[in-house]
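Encoded as structure tokens, the structure appears first; notes follow it.
Numbering (my numbering), first residue to last: 41 to 199.
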């Protein structure tokens, strides 16, 4: 498959969508002085090329009652159990991120919970998965930086 090349108009469209994925194509078109149809076609091509993978919604978990964040490092009895363990982790909806890692942990997870009691229940569920040797938990005191937009803008500025 040939590499998809982004031009300056594509970059500008992506930059606007990065700032707000719900920006209407007509608004983007007006700002770039092109037709809404052109925006639609270019976005469609970027989706087909796998550059744009859907869109996302950002929730305020604190307002929804899920302000408690913890990170759980998981040690496996054997690395051959990784796939099985990840399938079990995926069944726990409060585990929002899981990475297979090198170094100290085999798997590293982010959990969201209502409070410490709820977090304890989630961690115990992780501990109870067959193949998990032990876990190590770090409680987040504050999420200081969570800004994917800066990275995306930087990537497109350097293309």
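Built from N, CA and C at the ideal position, the CB exists for glycine as well. In this text the structure is predicted, and so the values were computed from the model without any measurement.
Alpha carbons only, please: which of 183, 116 and 193 is nearest the one belonging to residue 102? The count along the chain shown starts at 1 and reaches residue 102 at position 62. The option with the nearest alpha carbon to residue 102 is 183.
What do you reckon, are the CB atoms on residue 100 and residue 196 nearer than 8 Å? Residue 100 sits at position 60 when you count from the first residue of the chain shown. Residue 196 sits at position 156 when you count from the first residue of the chain shown. Taking 8 Å as the Cβ cut-off, residue 100 and residue 196 do not qualify as a contacting pair.
Exposure label - residue 115; buried when at least 16 CB within 10 Å: Residue 115 sits at position 75 when you count from the first residue of the chain shown. So residue 115 counts as exposed.
DSSP-derived helix/strand/coil call for residue 53: Here residue 53 refers to the residue found at position 13 when the chain shown is read from its first residue. Residue 53 falls in the helix class under three-state DSSP.
At the level of alpha carbons, what is the spacing between residue 175 and residue 113? Sequence index remark: in the chain shown, residue 175 carries index 135 (1-based). Sequence index remark: in the chain shown, residue 113 carries index 73 (1-based). C-alpha separation (whole angstroms): 6 Å.
What distance in whole Å lies between the Cβ atoms of residue 58 and residue 193, which are believed to be in contact at a cut-off of 8 Å? In the chain shown, counting from the first residue as 1, residue 193 sits at position 153. In the chain shown, counting from the first residue as 1, residue 58 sits at position 18. That belief holds up - the Cβ atoms of residue 193 and residue 58 are roughly 6 Å apart, short of 8 Å.
Separation of residue 162 from residue 132, as counted between CA atoms: As a working mapping, residue 132 is identified with position 92 in the chain shown. As a working mapping, residue 162 is identified with position 122 in the chain shown. Taking the straight line from one Cα to the other gives about 8 Å.
Per DSSP, what kind of secondary structure is residue 61 in: helix, strand or coil? Along the chain shown, one-based indexing puts residue 61 at 21. Of the three classes helix, strand and coil, the one that applies to residue 61 here is coil, per DSSP.
Which of the three DSSP states, helix, strand or coil, is assigned to residue 159? Position 119 of the chain shown holds residue 159. The answer is helix: DSSP assigns residue 159 an H, G or I state.
Under 8 Å by Cβ, that's how I've got residue 108 and residue 156 pegged, so tell me the actual separation to the nearest angstrom. Indexing the chain shown from 1 puts residue 108 at position 68. Indexing the chain shown from 1 puts residue 156 at position 116. About 7 Å separates the two Cβ atoms, so the contact holds.
Under the three-state DSSP convention, the category residue 131 falls into: Your numbering for residue 131 matches position 91 in the chain shown. Coil at residue 131, not helix or strand.
Which two residues bound the contiguous alpha helix (DSSP H) that contains residue 92? Looking up residue 92 in the chain shown gives position 52. Note, residue 92: premise wrong, no alpha helix (DSSP H); not H, not E.
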